[in-house]
């Protein structure tokens with residue numbers, strides 16, 4: 076491996092000279108890393124849609140998709156090809172530029188957030204100091220895709236859906252933000268790597284269980300998932316803000332939403348479930364990334380489980396939950412954590 | 008430090024390119040057979056009666072102001088949480104004071120029914 | 002370093018062009034969208050200055066919250082621009098005055114400050130901000146809470162109208178507290194006796 080690397084370096088230096096080669100090399104190497112990050116995420120997203128239909132199918136004593144390939148294994152590809160080959164409709168009176176910007180603005184932040192997720196101590200695309208704040212900041216951009224699609228499609232279903240959806244997203248972002256504070260208090264750093272390393276002795280879920288519950292429920296609400304999928308309450312608002320979208324522009328909303336769901340699960344495992352740390356030291360022979368995958372996979376399953384179990388919330392109940400229950404509890408817990416940290420040096 | 012942000016910049020470019028290629032590709036591949044009824048705005052089959060933009064619901068406005076305020080509050084909490092081990096008791100007390108003041112505001116909006124939706 | 006310069010000029014150009022877009026586009030929603038782009042590229046400029054915490058905050062607070070507020074208002078109001086156009090001339094002197102003051106401030110600040118602000122070297126700058134903000138600038142920090150309080154109260158006072166006809170307000174605790182004995186009555190009736 077080192078020989079190969081040496082060979083590439085030498086050839087490159089000879090070809091492009093010492094001025095350009097390091098630049099080109101960084102560029103190419105970063106691109107390779109990005110592709111190695113994005114491709115698994117995309118595959119995970121497409122198989123998560125299959126998993127969703129399968130899991131909910133079995134929970135409702137159905138089979139779920141089982142025709143495309145063995146056990147429906149090719150279903151995501153069939154869906155993707157179908158979406159890709161459909162006609163892209165532009166509704167009458169739509170604001171075209173914004174109409175097509177909206178799906179892109181849903182997918183791009185959803186992918187951007189993955190840059191700072193550490194899959195193991197070494198496996199991280201961009202190891203920045205403000206990791207968790209970066210995720211929170213980028214996730215807050217996601218609301219524009221929703222607002223812009225609703226406004227530009229010139230349909231009242233979409234408009235109403237986007238208003239509701241945006242209202243819901245910003246409400247839960249508040250409690251989501253506050254649940255991160257105790258985690259940061261315990262680690263004293265915004266970097267996700269430090270946050271995991273601070274959990275060597277005890278996973279954050281033990282002192283911060285209520286925060287974890289609030290984080291997860293807010294995550295479900297933030298990604299507009301059932302039982303908080305009011306924006307797309309099909310009985311009243313058809314499909315919500317993306318009612319008028321078709322073909323791949325619809326597909327981008329879909330991809331963005333599922334990428335966000337998976338991200339919520341990964342982030343939850345990193346912040347509360349010890350990330351790549353094994354539950355007991357004895358099991359440390361299993362690589363960290365497997366542990367992370369197991370934990371995130373479990374949370375992803377819970378996402379689906381919730382969807383199959385709970386009826387949809389009403390809008391006033393949803394606002395009440397976010398503002399009147401989650402907000403005070405999380406603020407109180409921030410304070411309790413700080414007091415505990417001050418009195419005992421650790422919680 | 009900047010070199011850590013370079014991948015993010017590149018990822019931004021790649022993500023944008025992915026989105027554009029996917030949409031443009033689908034637009035080119037897909038059929039283009041639209042007619043007035045097909046592209047008409049979705050309204051369960053009859054012609055829309057009024058304009059799309061509905062009267063302004065002031066609640067959403069209020070909601071977003073509340074969001075701005077609480078977002079700023081969270082913004083103050085982040086550096087506090089990071090530096091907490093250094094600033095110790097002083098930090099604890101002053102953040103308590105800060106939150107107490109905002110608690111008054113929170114109690115006020117709760118009492119006024121600004122958090123109620125019907 | 003050359004690459005950094007190229008990136009800086011690219012983002013600076015985007016910032017400037019987007020800012021021009023904010024004031025020149027006819028559609029207010031487009032204006033707000035340009036504003037969002039301005040915020041974003043400004044955040045990128047902050048990153049280039051190694052002020053990563055500020056950049057993240059700019060995205061979180063300005064893009065994620067303040068611009069959402071603008072967008073809400075502008076999207077729902079659906080105003081007619083031509084009316085505003087006519088009035089715009091009347092406000093021109095005031096606008097120019099404000100612009101002049103800001104320009105003056107910028108000149109003063111730029112001429113007095115050091116051209117190169119030293120980036121926090123070893124300490125991550127979130128930590129550096131935390132250390133100074135909550136010790137040295139304790140008083141302004143507490144004042145900020147008062148400003149936020151005023152904002153909260155002001156928002157409610159300005160926008161919330163008391164609704165008299167109100168609404169089926171749900172009290173969940175009451176609903177849950179209902180017992181079977183008070184909610185259901187079982188009555189035995191013989192056929193033909195029922196009312």
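Protein chains in written order, with our numbering: chain A, 76 to 422; chain B, 8 to 125; chain C, 2 to 196.
Virtual Cβ for every residue (Gly too), placed ideally from N, Cα, C.
Taking the C-beta atoms as reference points, residue 177 of chain A is found no nearer than 9 Å to residue 326 of chain A. If the five residues before and after residue 230 of chain A are omitted, its C-beta is found closer than 7 Å to the C-beta atoms of 166, 318 and 319, all from its own chain and listed in chain order. At least 9 Å separates the CB of residue 119 of chain B from every CB of chain A.
Under a criterion of Cβ atoms nearer than 8 Å, the residues of chain A adjacent to residue 32 of chain B are, in order, 159 and 323.
Listed in chain order, the positions of the stretch 92-107 of chain B with a beta carbon within less than 9 Å of a beta carbon of chain A are 92, 93, 95, 96, 98, 99, 102, 103 and 106. Note on residue 131 of chain C: 16 or more other CB atoms within 10 angstroms of its CB, so buried under the neighbour-count rule. Sequence-distant Cβ neighbours of residue 413 of chain A in its own chain, meaning closer than 7 Å and more than five residues away, are 260. Going by beta carbons, residue 40 of chain B and residue 124 of chain B fall outside the 9 Å limit. Not a single CB atom of chain C sits nearer than 9 Å to the CB of residue 250 of chain A. Burial is judged here by how many other beta carbons sit within 10 angstroms of a residue's own beta carbon; residue 194 of chain C has fewer than 16 and is exposed. Using a Cβ-Cβ cut-off of 9 Å, residue 115 of chain B does not count as an interface residue toward chain A, since no Cβ of chain A sits closer than that to its own.
One finds 105, 106 and 109 in chain A with Cβ atoms closer than 7 Å to the Cβ of residue 17 of chain B, taken in chain order. Considering only beta carbons, the part of the stretch 183-197 of chain A lying closer than 9 Å to chain B consists of 183, 184, 185, 186, 187, 189, 190 and 191, in chain order.
In this structure, DSSP gives residue 188 of chain C a state outside helix and strand, which the three-state scheme calls coil. Scanning chain B for C-beta atoms nearer than 8 Å to the C-beta of residue 178 of chain A yields 26 and 30, reported in chain order.
For a Cβ distance threshold of 7 Å, residue set 249 of chain A lies close to residue 77 of chain B, ordered along the chain.
Pairing residue 37 of chain C with residue 68 of chain C gives a Cβ-Cβ distance under 9 Å. Between residue 115 of chain A and residue 125 of chain A, the CB-CB gap reaches or exceeds 9 Å. Rounded to the nearest whole angstrom, the CA to CA distance from residue 77 of chain B to residue 118 of chain A is 36 Å. When 7 Å is used as the limit between beta carbons, residue 204 of chain A is near these residues of chain C: 53, 125 and 127, in chain order. The distance from the Cβ of residue 416 of chain A to that of residue 91 of chain B is about 7 Å, consistent with a contact at the 8 Å cut-off. Note on geometry: alpha-carbon atoms of residue 24 of chain B and residue 77 of chain C lie some 32 Å from one another.
Taking CB atoms only, residue 147 of chain A has no neighbour in chain B less than 9 Å away. In the DSSP assignment, residue 170 of chain A falls outside any alpha helix (DSSP H) and carries neither an H nor an E. Here DSSP, grouped into helix, strand and coil, assigns residue 391 of chain A to helix. Excluding five sequence positions before and after residue 190 of chain A, the CB atoms of its chain that fall closer than 7 Å to its own CB belong to 200 and 201, given in chain order. Residue range 77-134 is occupied by the alpha helix (DSSP H) that includes residue 96 of chain A.
In the structure shown, residue 119 of chain B adopts coil according to DSSP, grouped into three states.
At a cut-off of 9 Å between C-beta atoms, residue 391 of chain A counts as an interface residue with respect to chain B. Around the beta carbon of residue 274 of chain A, a 10 Å sphere encloses 16 or more other beta carbons of the protein chains shown; the residue is thus reported as buried. Counting C-beta atoms within 10 angstroms of its own C-beta, residue 385 of chain A has fewer than 16 neighbours from the protein chains shown and is therefore classed as exposed. Of the candidates C/152, C/140 and C/102, C/152 places its Cα closest to the Cα of residue 111 of chain B. Chain order gives the chain B residues near residue 66 of chain C as 74, 75 and 78, where near means a beta carbon separation below 7 Å. Around the beta-carbon of residue 140 of chain C, fewer than 16 other beta-carbon atoms lie within 10 Å, marking it exposed. Taking a 10 Å sphere around the C-beta of residue 340 of chain A, we find 16 or more other C-beta atoms and assign the residue as buried. Annotated three-state conformation of residue 25 of chain B is helix, per DSSP.
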